[in-house]
Amino acid sequence: MPGKLNVKNQVNPEQGRIFNSQSDKNMDKVKFEDLLGTGAHFGHVTRKWNPNFKPYILSDKNGVHIIDLEQTIDSINKACEFIKNLVSKNGEILFVGTKKQAQDIIQQEADRCSMFYIVERWLGGTLTNFSTIKKSIKRLKMLEKEGSNLYTNMTKKETQMLNREKVKLADQHRGIKDMRRLPDVLVVVDAQYEDTAIREAKRLEIPVVAIVDSNTNPKKVDYPIPANDDSMRTIQIIIAALADSVLEARTEKTTDKKETKNKSDNKLAKNSIDDKKFELEDDVSDDNNTDDGKLEEE
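For the sequence shown, this note's numbering gives the first residue as 227, with consecutive numbering after it.
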């Protein structure tokens, strides 16, 4: 793995661990031991570090920076809370991971929480020139439409050309084919690798959540998660936690709607009972008045 050294068993991140009240209450989205087991604490070799990453560095051993996993956990918690709040307000997320280690994980987790993703090459202007991207997606849907008149009276060569175009567009846009507007947040694996995507997001004031390694400036994103961005197991555990937050937000939202509906139904039922009770009281009162009138006549 370029830029990395295997220092496993040569350093113990537990030594610098500081327990906070949140950890003690088991409120963390990811456990310290699980992160440690994935090698999330291994940064890049010290000569490749970014000075702005210094607050997240616990130590360095054998020329490799060791990331403070307590801060990683705290950052994951903050990012998850942000995503939950966003999704509860119908926010949409675009997951981005075009490096080989991230592609399958990003696609699987984005699919699991029904959000959008990009795992192939980031096309310049995906965000800043979204109107053009939408036209390209519209073209793809037209090519995919069965029984389209587009293929009528075409030569074999022309049909093959259209099929190649369809395959290319499908590959480029498969994760954003149904994205009708700009996302409300980007979730990125490797802020250094996805620099173009992050620049476009910042230009449009779209917040960014990103896994950031020791060779990257964490200040370039809104919610940096300091961790080893070359480890597939680390990527998996962090992205899964973020996807879980999306699902939790939807579940809570559905529960709130049901509770609101039940309260509304109960209130209507109570009002109905009160109305019937009032009607019965009126009927009894009318009967009593009638009886009193009869007695007076007698």
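Ideal placement from N, C-alpha and C gives every residue a C-beta, glycine not left out.
Query                                                                                                  : Result
Residue from Gln333, Asn288, Met253, Lys392 whose Cα sits closest to the Cα of Ala466                  : Gln333
Three-state secondary structure assigned by DSSP to Ser285                                             : strand
Val413 - containing beta strand (DSSP E), residue span                                                 : 411-415
Environment of Glu370 [buried if 16+ CB atoms lie within 10 Å]                                         : exposed
Under 9 Å between C-beta atoms of Ile451 and Thr298                                                    : yes
Cα-Cα separation, Pro409 to Leu353                                                                     : 9 Å
Touching by the beta-carbon criterion (3+ pairs, under 8 Å), the region 420-440 and the region 332-350 : yes
Under the three-state DSSP convention, the category Pro277 falls into                                  : helix
Closest residue to Leu468 among Lys428, Glu335, Thr272, Ala453 (Cα-Cα distance)                        : Glu335
Residues near Gly401 by beta carbon distance below 6 Å, same chain, minus five either side             : Phe342, Tyr343, Ile344
Proximity of Cys306 and Lys274 at Cβ, strictly below 9 Å                                               : no
Cβ-based neighbour list, Ile359, same chain, cut-off 8 Å, excluding 5 preceding and 5 following        : Leu349, Gly351, Thr352, His399, Ile402
Ser340 versus Gly323 - alpha carbon distance                                                           : 16 Å
Beta-carbon proximity list for Tyr449, same chain, < 8 Å, skipping 5 on both sides                     : Ser301, Lys304, Ala305, Phe308, Pro433, Val434, Val435, Ala436
Separation of Glu318 from Asp404, as counted between CA atoms                                          : 12 Å
DSSP three-state assignment for Ile332, whether helix, strand or coil                                  : helix
Reference Arg476; option with closest CA among Asp337, Asn355, Thr381, Asn311                          : Asn311
Buried or exposed (CB count within 10 angstroms, at least 16 for buried), Val411                       : buried
Cα-Cα separation, Lys392 to Leu366                                                                     : 6 Å
Buried/exposed call for Ala328, threshold 16 Cβ in 10 Å                                                : buried
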